[in-house]
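Presented below is the structure to which this report refers.
2 protein chains.
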Amino acid sequence: MSAPTTDELGSDEATATDAADRGVAETVLAQARAARIASRRLARLRTADKNAVLRAAADAVEAQTGSVLAANAEDIARAETDGTPGSLLDRLRLTGDRVRGIADGLRQVAGLPDPIGEVLQGRTLLNGLSLRQVRVPLGVVGIVYEARPNVTVDAFGIGFKSGNAVLLRGSSSAARSNAELVRILRDALAAHGVDPNAVALVPSHDRSSVTHLIQARGLVDVVIPRGGAGLIDAVVRNALVPTLETGTGNCHVYVHSAADLDMATDIVVNAKTRRPSVCNAAETVLVDRTIADLAVPALTSALQAHGVIIHGDEPAMVPATEADWAEEYLSLDIAMKVVDGLDAAVEHIERYGTGHTEAIVTGDLAAADEFTARVDAAAVMVNASTAFTDGEQFGFGAEIGISTQKLHARGPMGLPELTSTKWLAWGHGQVRPA
Amino acid sequence: MSAPTTDELGSDEATATDAADRGVAETVLAQARAARIASRRLARLRTADKNAVLRAAADAVEAQTGSVLAANAEDIARAETDGTPGSLLDRLRLTGDRVRGIADGLRQVAGLPDPIGEVLQGRTLLNGLSLRQVRVPLGVVGIVYEARPNVTVDAFGIGFKSGNAVLLRGSSSAARSNAELVRILRDALAAHGVDPNAVALVPSHDRSSVTHLIQARGLVDVVIPRGGAGLIDAVVRNALVPTLETGTGNCHVYVHSAADLDMATDIVVNAKTRRPSVCNAAETVLVDRTIADLAVPALTSALQAHGVIIHGDEPAMVPATEADWAEEYLSLDIAMKVVDGLDAAVEHIERYGTGHTEAIVTGDLAAADEFTARVDAAAVMVNASTAFTDGEQFGFGAEIGISTQKLHARGPMGLPELTSTKWLAWGHGQVRPA
Numbered sequence: 369m370s371a372p373t374t375d376e377l378g379s380d381e382a383t384a385t386d387a388a389d390r391g392v393a394e395t396v397l398a399q400a401r402a403a404r405i406a407s408r409r410l411a412r413l414r415t416a417d418k419n420a421v422l423r424a425a426a427d428a429v430e431a432q433t434g435s436v437l438a439a440n441a442e443d444i445a446r447a448e449t450d451g452t453p454g455s456l457l458d459r460l461r462l463t464g465d466r467v468r469g470i471a472d473g474l475r476q477v478a479g480l481p482d483p484i485g486e487v488l489q490g491r492t493l494l495n496g497l498s499l500r501q502v503r504v505p506l507g508v509v510g511i512v513y514e515a516r517p518n519v520t521v522d523a524f525g526i527g528f529k530s531g532n533a534v535l536l537r538g539s540s541s542a543a544r545s546n547a548e549l550v551r552i553l554r555d556a557l558a559a560h561g562v563d564p565n566a567v568a569l570v571p572s573h574d575r576s577s578v579t580h581l582i583q584a585r586g587l588v589d590v591v592i593p594r595g596g597a598g599l600i601d602a603v604v605r606n607a608l609v610p611t612l613e614t615g616t617g618n619c620h621v622y623v624h625s626a627a628d629l630d631m632a633t634d635i636v637v638n639a640k641t642r643r644p645s646v647c648n649a650a651e652t653v654l655v656d657r658t659i660a661d662l663a664v665p666a667l668t669s670a671l672q673a674h675g676v677i678i679h680g681d682e683p684a685m686v687p688a689t690e691a692d693w694a695e696e697y698l699s700l701d702i703a704m705k706v707v708d709g710l711d712a713a714v715e716h717i718e719r720y721g722t723g724h725t726e727a728i729v730t731g732d733l734a735a736a737d738e739f740t741a742r743v744d745a746a747a748v749m750v751n752a753s754t755a756f757t758d759g760e761q762f763g764f765g766a767e768i769g770i771s772t773q774k775l776h777a778r779g780p781m782g783l784p785e786l787t788s789t790k791w792l793a794w795g796h797g798q799v800r801p802a
Numbered sequence: 369m370s371a372p373t374t375d376e377l378g379s380d381e382a383t384a385t386d387a388a389d390r391g392v393a394e395t396v397l398a399q400a401r402a403a404r405i406a407s408r409r410l411a412r413l414r415t416a417d418k419n420a421v422l423r424a425a426a427d428a429v430e431a432q433t434g435s436v437l438a439a440n441a442e443d444i445a446r447a448e449t450d451g452t453p454g455s456l457l458d459r460l461r462l463t464g465d466r467v468r469g470i471a472d473g474l475r476q477v478a479g480l481p482d483p484i485g486e487v488l489q490g491r492t493l494l495n496g497l498s499l500r501q502v503r504v505p506l507g508v509v510g511i512v513y514e515a516r517p518n519v520t521v522d523a524f525g526i527g528f529k530s531g532n533a534v535l536l537r538g539s540s541s542a543a544r545s546n547a548e549l550v551r552i553l554r555d556a557l558a559a560h561g562v563d564p565n566a567v568a569l570v571p572s573h574d575r576s577s578v579t580h581l582i583q584a585r586g587l588v589d590v591v592i593p594r595g596g597a598g599l600i601d602a603v604v605r606n607a608l609v610p611t612l613e614t615g616t617g618n619c620h621v622y623v624h625s626a627a628d629l630d631m632a633t634d635i636v637v638n639a640k641t642r643r644p645s646v647c648n649a650a651e652t653v654l655v656d657r658t659i660a661d662l663a664v665p666a667l668t669s670a671l672q673a674h675g676v677i678i679h680g681d682e683p684a685m686v687p688a689t690e691a692d693w694a695e696e697y698l699s700l701d702i703a704m705k706v707v708d709g710l711d712a713a714v715e716h717i718e719r720y721g722t723g724h725t726e727a728i729v730t731g732d733l734a735a736a737d738e739f740t741a742r743v744d745a746a747a748v749m750v751n752a753s754t755a756f757t758d759g760e761q762f763g764f765g766a767e768i769g770i771s772t773q774k775l776h777a778r779g780p781m782g783l784p785e786l787t788s789t790k791w792l793a794w795g796h797g798q799v800r801p802a
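The following block contains the structure:
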């Protein structure tokens, strides 16, 4: 799940030209070159060796909880001095339990199937040439993310298991925590004879490091921005290496005329209130006009009982403006609109949706079929909460983000989504006729 | 197979600002919006209906061969006046046979399996939620290509069968031919009740139309540049929509110490001379030093007997410079280098290869294993010609290009490579626990 807020990375577009920037550029490019070299070895590591390294890294993180918490305390102290709001402080803060959770995440990845080497398809051509398409790592994966230090270790674990070197560009607010975690990971790699440049922390004190990372064509194979809409948009617009867009979610629940009203209420309340700050939370509920007389009061009172502020055109709602339909609140706010049937619901979603997760509540099979066929999103739910769009829920075991783009990967991304393929053709002298 | 040469599109980077450009921008964006609307219907067309339309379009193209050839004659006449070289004229020129071939291409696509609706994976979660990942179209696909008018119809056929609307930006030198072909296709669509905006020809008289097409974020889902390195690089660098890089190929054949010399000679000659202008042709042969005394003269005389000019460091070769190792000659030229074993061969390929197709000739299993594992390319061949990297050879039935990037698709791209996926979750009121 991607984090809700944008931090200082979001608006970075400048190409600085001074000496300090050249220093940052050199640092980032040197890290990328070293990662590239490390990635060649990583691609050929055996699964058993990768799993052993991941478990050793987990043990190392847990054993050094003290130094991690000390580094984190410095970040927290600085953030408090800077007047950082409480919700951001909470995302930044580590505890003994959270560090244990981070280590357990690595152990969980160690237990997942290795995607590398999987044969996806193959055949023998008429001339006897034997053809196989096999999974290989992407190579070097750049990740640009926000305050949460757990992403540092999660991204390493998923990247390493899938044979990739990772270049991490975290938030400057987590600089000390991230540095300490990456030091522990690199030490664990080196102790197991693995090139420690398989993971590196790109400088975060200078905003230009993002630009250098996302423009390192030929060195970095893909960049994944994880964070708010501003960060993602800035990365996608300025990147020269391919990007995997993750997760802004303006998710809708459409309560169809044939909906079970109790079911609809449960789903809307769950989709909004379970964890309002995540990308699969519902932001708008669309109510079919034919049942609006019953449904709007029922939904309104249930949502209000959970502390949700409703933005809409009905009495007792905060008056909605055009901006409300596009808003990803990520808070205990929801927009509510009465629509004239399924066509209008689909058109509203087409106009304002972000292609993340859309849901219909209905007992009518034809309506469910039409909604799922027409709505263009990474996930479309029938009679279920939007909260299910999640790598762990989908059974992936680990998730690097939720893609809202259509190329390469769409929806929750696990280990296979961090791979590419290679065609192997084995022959005995075959040449191609003219 | 992508075409060899770069035409006038390659260096387009300017963002023109005058009124003419605003007109082009409006035209392109209007075409993109119309394509987007058309794509929604296309995504839901039945396979049988798509196949019927493709066969009708094939018949229409063939029936109107006269008007196609007349339009093409205008393009040819203008190109001749402009002093266009013969090889380019040949790529531009249509004949009755070529038009029939173009129509047959559409019929062939009609006969291929429809990728849309395929269920790629699925499971039922513990809570009973039924999950499926299904193939869906990408939506709107932009294609920027060079002189050959057959690409116009091929791209429509592959795009249409995979449920996508296509925006075609061809070369201005083929403007009349492309316009006539697209008119015929659009008429055929309209005659079958399909929105003709499923295919449109973007203006080619103004170079800024490429920029508008590749920056139409939110309207165009992916852009595929097909052509020379300059065109591809310009598109990838300036695009704001995701791109699929196709095909520059600096392909190598490594003649290992344990190679059968006759086999190596046949493979090198085939890989170089079968069709020198295509991206899967070999451009460099690497000869292991341990067999160089025998292999270099044997390869040299066989290549020279086929009219190949050899660039290298040995006597009787054209002296090679650094540029030769990176060169994609696309002609009857080849670079030849003696290397100190497999490590040196792999390092040379790592440095100069473009990630397209690399081959080893060897009877040694360990060498073949190591070469295929270490070389990072879309296709790696053992004892076979590089010429086999081709969608038709691989059994795809149709090809939109050969991807040399690692995201989304790598190697020959057929119908499934023009699709995305969508997760469908059907439930009966499931909500996610906190």
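Same order as they appear, the protein sequences are chains X and E.
Under our numbering, the first residue of the first sequence carries the number 369, and numbering increases by one thereafter.
Under our numbering, the first residue of the second sequence carries the number 369, and numbering increases by one thereafter.
Don't be surprised by glycine CBs; every beta carbon is placed ideally from N, CA and C.
What you are looking at is a predicted structure, and each value in this text was computed from that prediction instead of being measured.
Is DSSP giving residue i helix, strand or coil here?
| i | result |
| --- | --- |
| residue 614 (chain E) | strand |
| residue 685 (chain E) | coil |
| residue 789 (chain X) | strand |
| residue 656 (chain X) | strand |
| residue 371 (chain E) | Because the pLDDT of residue 371 (chain E) is 36, which lies under 50, any placement of that residue in the model is unreliable, and the number read from its coordinates should be weighed accordingly. Three-state result, residue 371 (chain E): coil. |
| residue 564 (chain X) | helix |
| residue 638 (chain E) | helix |
| residue 648 (chain X) | coil |
| residue 672 (chain X) | helix |
| residue 532 (chain E) | coil |
| residue 418 (chain E) | helix |
| residue 495 (chain X) | coil |
If we cut at 8 Å on Cβ distances, does residue i have a partner in chain E?
| i | result |
| --- | --- |
| residue 638 (chain X) | yes |
| residue 719 (chain X) | no |
| residue 673 (chain X) | no |
| residue 786 (chain X) | no |
| residue 373 (chain X) | Residue placement at residue 373 (chain X) is flagged as unreliable, the pLDDT there being 37, under the threshold of 50; the coordinate-derived value follows with that caveat. Not closer than 8 Å to any Cβ of chain E, the Cβ of residue 373 (chain X) fails to qualify, so no. |
Between residue i and chain X, is there a C-beta pair that is closer than 8 Å?
| i | result |
| --- | --- |
| residue 626 (chain E) | no |
| residue 594 (chain E) | no |
| residue 631 (chain E) | yes |
| residue 488 (chain E) | no |
| residue 799 (chain E) | yes |
| residue 587 (chain E) | no |
| residue 523 (chain E) | no |
| residue 466 (chain E) | no |
| residue 764 (chain E) | no |
| residue 661 (chain E) | no |
| residue 516 (chain E) | no |
| residue 534 (chain E) | no |
| residue 475 (chain E) | no |
Residues of chain E with a CB under 8 Å from the CB of residue i: which are they?
| i | result |
| --- | --- |
| residue 789 (chain X) | 778 and 779 |
In chain E, which residues lie less than 9 Å from residue i when you measure between Cβ atoms?
| i | result |
| --- | --- |
| residue 529 (chain X) | Per Cβ cutoff of 9 Å: no residues; residue 529 (chain X) is ~18 Å from chain E at best. |
Nearest CA to the CA of residue i: which residue from the options?
| i | options | result |
| --- | --- | --- |
| residue 637 (chain E) | E:670, E:617 and E:627 | E:670 |
| residue 613 (chain E) | E:396, E:594, E:560 and E:606 | E:594 |
| residue 735 (chain X) | X:744, X:710 and X:618 | X:710 |
| residue 743 (chain E) | X:640, X:617, X:791 and X:466 | X:791 |
| residue 437 (chain E) | E:721, E:633, E:494 and E:460 | E:460 |
| residue 752 (chain E) | E:425, E:566, E:395 and E:623 | E:623 |
Looking at chain C, is there any beta carbon in it that lies within less than 8 Å of the beta carbon of residue i?
| i | result |
| --- | --- |
| residue 620 (chain E) | Looking for chain C here will not work: the only protein chains present are X and E. |
Residue i touches chain X at which residues, Cβ-Cβ below 7 Å?
| i | result |
| --- | --- |
| residue 796 (chain E) | 751 |
Give the interface partners of residue i over in chain E, defined as CB-CB distance under 7 Å, in chain order.
| i | result |
| --- | --- |
| residue 707 (chain X) | Going along chain E, no residue has its Cβ under 7 Å from residue 707 (chain X), so there is no contact; the nearest lies around 18 Å. |
For residue i, return the contacting residues in chain X, with the cut-off set at a CB-CB distance below 8 Å.
| i | result |
| --- | --- |
| residue 634 (chain E) | 797 and 799 |
Q) Name the residues in the stretch 731-752 of chain E whose C-beta lies less than 9 Å from a C-beta of chain X; which are they? A) 736, 740, 741, 742, 743, 744, 745, 746, 747, 748, 749, 750, 751 and 752
Q: For the stretch 601-613 of chain E, enumerate the residues whose C-beta is nearer than 7 Å to any C-beta of chain X, in chain order.
A: 605, 608 and 610
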